[in-house]
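Chains as they are written, first to last, in my numbering: chain A, 504 to 861; chain B, 1096 to 1418.
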């Protein structure tokens, strides 16, 4: 299966969300994010967007709003609200994050874009030493309502420095919340919550999903953090997957369903906070757990979830836990290598069959 | 006279409070009453007070690891500060920040910062908020000659010029980046000249002279309030103590500090000037000195008597607004 998805990927319905009333439309992940940000900017004049080419064309002779972010997520916002609120910055990631964190403590709700989340490296001090620690260091006095957006993941043949996923790095850090939507519906609701949230939120968009479509309510809605979605329900095996891996988990579950094996697919949607209760309750029923994660294996999300279940759900387990992750390597460039790097449906199927002893 | 008497009294009181606070911190640290790493700013009082004396609580400052003086100059409660550096639960940050992370958002004090160069990007954010919301507030970052060489500082200076932010970059050049000479770490001859290269007005002042420093910062602050963008001000000063309290300072010349205390003490220079000009009387300042000694004595006594944080409740709180 190709890792680059195009329009028409099956939507995931989140059965545990209250139904949002009103009109819905088929929207791509990209459009859903754009809708969320646009409506919040209309509703709240303190919301600003800043980053490299979040509009594009600043100071140039050609077209204004030439980019709208490198993947077009913020396209069209600048013409509506102006350059005062959609701010193209120099290529200075530390200064971008610092400006967002300082502004968040002084009455704004900034959405800072890191473009490729790999660029966290040059800005990391401002994230983990500054924004994440303010509230604790200052004795609860400060509020840092900011969103850091970044595109993550492999699949674009972009090589080692534009393809990392790195959610485990930020999930490790107290003070940060980490959000990883796997479909357009969640992307919109989680972005609305991220903008309204009072804490720093890392919002990770998988770059192969921007064109993925599903039905999305036209009105604004916020999805609370720490509440998993259950795109498939079953009783034989629990599959926990995040971000684009949810797509593979659903595909595997649908293949197995035809063989009479039912899978409980859990999409935590946010990895910090993590809905560990949903995972433990599911494992109580199935007794079998497969965790699918695009991250590298050491100190990663998959081993974290496996550890939680081993510690708190050990007596529910009827088979060893299996994790499906990328290997302990950087993301390779060559298509054959990258395809081998990213977990796919076949690897998920093999892991599920393994825990079933099938 | 060019300065109001009330202004001069406030300036002197603030500088003297910093001096007494820092000297007591050194004593209490050596006596084991203050845990951790502490960096005293005695000798550098004039710059902190000159920069902050005209600011309101809505103007924002960002500070450094050597931040006690900036806190006091910005109006933070010295009792709360002493409790904080002692790690007590009634301290300014509930004992969770300590000397290197002391902050008071209500006073527009965005925090000391234990990362050299950590502050300027954040202060850009405070300035961006002021600009976006149209408040006419300004933001000041305190920097050392050491943080001048951090990439974050240079990114922040460039961005402040690009976005025309109301941010005054103050460089306290005390001659030492920790234990390395400032002019060793600077690749060019003049930090002020280099900062001008970013495209902002850059001034060099004698930071031991309160009045020269005040006059320069006042111009910069007004320019920022009027939408004229950022300014760099490098103020030469002397660090009377080590990089950290307890630093044996083997890298400093013999009698260097002793001589500086005689001829380059900003408090002495201030007193001599105001007496010579007939602006303030020695007796008035001596009376202030006595009050401050008593105030800091009380801060220490209150600090030592203050409750310590309770791990059963205080360890896990204040990480998030909600989680």
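The beta-carbon is built from N, C-alpha and C at its ideal position, and this holds for glycine as well.
**Item:** chain A residues whose Cβ lies nearer than 7 Å to that of residue 1414/B
**Value:** 638, 639, 677, 678
**Prompt:** Along the chain, where does the alpha helix (DSSP H) that runs through residue 759/A open and close?
**Reply:** 748-760
**Prompt:** Looking only at DSSP bridge pairs, what is residue 1239/B linked to?
**Reply:** 1267/B
**Message:** Does chain A have any CB closer than 9 Å to the CB of residue 1200/B?
**Reply:** yes
**Item:** Beta bridge counterpart(s) of residue 680/A as assigned by DSSP
**Value:** 704/A
**Request:** Since I believe residue 1225/B is in contact with residue 1233/B (beta carbons under 8 Å), could you give me their beta-carbon distance rounded to a whole number of angstroms?
**Result:** 7 Å
**Request:** Could you give the DSSP three-state label for residue 745/A: helix, strand or coil?
**Result:** Annotated three-state conformation of residue 745/A is coil, per DSSP.
**Request:** Check the C-beta distance from residue 642/A over to residue 1192/B and give it rounded, since I have them as a contact under 8 Å.
**Result:** Contact flag correct, Cβ pair sits at about 7 Å.
**Prompt:** Which residue from 1212/B, 1175/B, 1126/B, 1252/B puts its Cα closest to that of residue 1160/B?
**Reply:** 1212/B
**Cβ-based neighbour list, residue 708/A, same chain, cut-off 6 Å, excluding 5 preceding and 5 following** = 654
**Request:** Using a Cβ cut-off of 9 Å (strictly closer), state whether residue 780/A contacts chain B.
**Result:** no
**Prompt:** Does the pairing of the stretch 597-608 of chain A with the stretch 625-644 of chain A give three or more beta-carbon distances under 8 Å?
**Reply:** yes
**Asked** Can you name the residues of chain A whose CB is closer than 8 Å to the CB of residue 1219/B?
**Response** 598, 601, 602, 605
**Asked** For residue 525/A, which of 859/A, 722/A, 553/A has the nearest alpha-carbon?
**Response** When each option's Cα is compared against that of residue 525/A, the closest is 722/A.
**Item:** Residues, ordered as in the chain, of the stretch 1244-1255 of chain B that lie near chain A by beta-carbon distance below 8 Å
**Value:** 1246, 1247, 1250, 1251, 1253, 1254
**Prompt:** So which residues of chain A does residue 1187/B contact, with C-beta pairs closer than 8 Å?
**Reply:** The contacting residues are 642.
**Request:** Answer yes or no: does any C-beta atom of chain A fall closer than 9 Å to that of residue 1216/B?
**Result:** yes
**Message:** Could you check whether the Cβ of residue 1319/B sits closer than 9 Å to any Cβ belonging to chain A?
**Reply:** no
**Item:** Straight-line gap, residue 884/A to residue 646/A (C-alpha atoms, nearest Å)
**Value:** There is simply no residue 884/A to check, as chain A begins at 504 and stops at 861 in what is shown.
**Asked** Can a CB atom of chain B be found closer than 9 Å to the CB of residue 587/A?
**Response** yes
**Asked** residue 665/A and residue 621/A: beta carbons closer than 9 Å?
**Response** yes
**Request:** State the Cα-Cα distance for the pair residue 1055/B and residue 580/A, rounded to the nearest angstrom.
**Result:** Outside the modelled stretch of chain B, which goes from 1096 to 1418, sits residue 1055/B, for which no answer is possible.
**Prompt:** According to the Cβ coordinates, are residue 596/A and residue 558/A closer than 9 Å?
**Reply:** no
**Message:** For the beta strand (DSSP E) containing residue 733/A, name the first residue and the last one.
**Reply:** Residues 732-735.
**Request:** Starting from the beta carbon of residue 1257/B, find every residue of chain A whose beta carbon is closer than 8 Å, and list them in chain order.
**Result:** 592, 593
**Message:** Which residues in chain C have a C-beta closer than 7 Å to the C-beta of residue 761/A? List them in chain order.
**Reply:** Here the protein chains are A and B, and chain C is not one of them.
**Item:** Continuous beta strand (DSSP E) assignments of at least 3 residues falling wholly in the stretch 817-857 of chain A
**Value:** For the stretch 817-857 of chain A, whole beta strand (DSSP E) runs of length 3 or above, ordered along the chain, are 825-827.
**Request:** Reducing DSSP to helix, strand and coil, say where residue 1120/B ends up.
**Result:** helix
**Asked** In chain order, what residues of the same chain have a beta carbon less than 6 Å from the beta carbon of residue 1110/B, not counting five sequence neighbours either side?
**Response** Result list for residue 1110/B: 1140, 1144, 1362, in chain order.
**Prompt:** When the Cα of residue 690/A is compared with those of 724/A, 842/A, 739/A, which residue comes out closest?
**Reply:** Cα-wise, what sits closest to residue 690/A is 724/A.
**Prompt:** With distances taken from CA atoms, which of 750/A, 796/A, 563/A, 572/A is nearest residue 930/A?
**Reply:** No answer is possible for residue 930/A: it lies beyond the span of chain A, which begins at 504 and ends at 861.
**Message:** Can you check whether the C-beta of residue 1228/B is within less than 9 Å of a C-beta belonging to chain A?
**Reply:** Judged by the 9 Å Cβ criterion, residue 1228/B is in contact with chain A.
**Request:** Select from 821/A, 746/A, 567/A the residue whose C-alpha is nearest the C-alpha of residue 845/A.
**Result:** 746/A
**Asked** Given residue 1331/B, which residues of its chain have a CB within under 6 Å of its CB, disregarding the five upstream and five downstream residues?
**Response** 1268, 1301, 1302
**Check: residue 1390/B C-beta below 8 Å from any heavy atom of the ligand GTP** = You won't find the ligand GTP in this model; it holds no ligand whatsoever.
**Item:** Beta carbon of residue 702/A nearer than 9 Å to that of residue 638/A
**Value:** yes
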